[in-house]
Each structure stands twice: as C-alpha cells, then as structure tokens.
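Structure, as structure tokens:
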Amino acid sequence: DLQKVTCLQTPSSRTLTGFGIDIHPFETGKQMFLCGVPIDTDYGFKAHSDGDVAIHALIDALLGAAGMGDIGELYPDTEDTYAGADSKVLLRDTVKRIESYGFTIGNIDMTIMAEAPKLLPYKDEMKRTLANILGLRQNFVNIKATTAEKLGFVGRKEGVTVHAIANLTYTNWKKL
73 DLQKVTCLQT PSSRTLTGFG IDIHPFETGK QMFLCGVPID TDYGFKAHSD
123 GDVAIHALID ALLGAAGMGD IGELYPDTED TYAGADSKVL LRDTVKRIES
173 YGFTIGNIDM TIMAEAPKLL PYKDEMKRTL ANILGLRQNF VNIKATTAEK
223 LGFVGRKEGV TVHAIANLTY TNWKKL
C-alpha cells in the first residue's frame, strides 16, 4: 500500500507544459464544433471524428504535458470506434486519465486561427464548456481568435488551425 510508505518524496511543485496543434480543412454539409460548441455555418470539418479542431489541439497539449503521447495514439482514426466521435467525450476521457495518474490541470490557453467563421459571439460559451469539462474556473481557460491576414489555407478560408498550451502539476503520487 503506497499510502503507508513514508520514504516517498512529496510530489514536485514544478509546472509541466504541453503544446498541441491541430488543423482541419472545411467540408460542406457537416456541423462545425469548436471547443464543444456548435457553430452556425454551412460547413464543418473534414475529419474521422466530429472534427473539433480546438478540442483535438487541447487533448494533444494535455497529453504532452503529462508525457502520455498524442491524440492519434489514444484515439486512432483507424478505429471505427472513433468514427464521428464527440470530441467532448474524448476530452473528458483524457482528463480522467490524466487525473488518475495524479496530475492536476492548472490552466489552458489556445489560439484559434480562422478567417471564417467569426468566433467572438461563441467565445464565452466555448470557455464555459471547456472549463466545465476540465474542472477549472473560467479565468483559467483562455481562448483567443485571430485571422491569418488572408495568408495560406486559413487565409483562403479552406480550414482552421488551433494551437493550445496546457499546464499541469503533479500533485498526488498516491494515485499511481
């Protein structure tokens, strides 16, 4: 029983940082989701799952900070299980796995690069949704939206890219 072993050191207070990036092209006739929120457009993302590019980048950032690989290893797009999968479910599962190893999420930050659609009307709901799934107060969830100044595939309105950072602390070795 690890809880009775007195020689184990107190967990480190060091912050562990992970970075995630994801990119998806647009596909007409699909529902778009960003940060788990449906976005009112005539197109969504070409993807094996629901294509929530923001949650996918966040999952990679969380897994990176925990040293647990990447989204493709945990939820491979070669498995039918994840065809059309709700990315919120994948994020909840990721958070559960990370916490089961003794990590605590400190904060997350992401930048969504998109010429279209305009995201300002959705940002508050996006923050609330992510904060709820992550178990964080909203002030520890930051979402920024920017354009690519009409450069590249994002600038041509062909898709969206998201960069995300997650900070974790290792707080409970007794969960191992």
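Numbering-wise (our numbering), the sequence shown opens with residue 73 and increments by one.
Beta carbons are placed, not taken as given, at the ideal position from N, Cα and C, and that holds for glycine.
Note that the structure is predicted; figures quoted are calculated from it, not measured.
So, is T201 buried or exposed, given that buried needs 16 or more other C-beta atoms within 10 angstroms? buried
Between the alpha carbons of V232 and A186, how many angstroms are there, rounded? 5 angstroms
Per DSSP, which residues does D181 bridge with? Please list them. N214, I237
Anticipated Cβ contact below 8 angstroms, A119 with A236, distance rounded: Rounded, the Cβ-Cβ distance is 17 angstroms, inconsistent with contact.
Throw me the rounded Cβ distance for the Y147 and L162 pair, which I believe falls under 8 angstroms. 5 angstroms
Would you report the Cα separation of T150 and I143, rounded to the nearest angstrom? 12 angstroms
My understanding is that G178 touches N239, with C-beta atoms under 8 angstroms, so please give their C-beta distance in whole angstroms. About 4 angstroms separates the CB atoms of G178 and N239; that is less than 8 angstroms, so the two are in contact.
Does the Cβ of F175 have 16 or more other Cβ atoms within 10 Å, making it buried, or fewer, making it exposed? buried
Is there contact here, the region 191-205 with the region 221-229, by at least three beta-carbon pairs under 8 angstroms? The region 191-205 is not in contact with the region 221-229.
Would the beta-carbon of K160 fall within 8 angstroms of that of I127? yes
Relative to the C-alpha of V226, which residue among V109, A188, D181 is closest? A188
As an exercise, report each continuous beta strand (DSSP E) stretch of at least 3 residues that is fully enclosed by the region 100-163, in chain order. 104-106, 109-111, 115-117
Best match in E171, L191, Y115, Y242 for proximity to E230 [C-alpha to C-alpha]: Distance from the Cα of E230 is smallest, within the candidate group E171, L191, Y115, Y242, for Y115.
Can you tell me which of V125, F212, S121 puts its alpha carbon nearest to the alpha carbon of D152? S121
For L223, name the three-state secondary structure that DSSP assigns. In the structure shown, the three-state DSSP call for L223 is coil.
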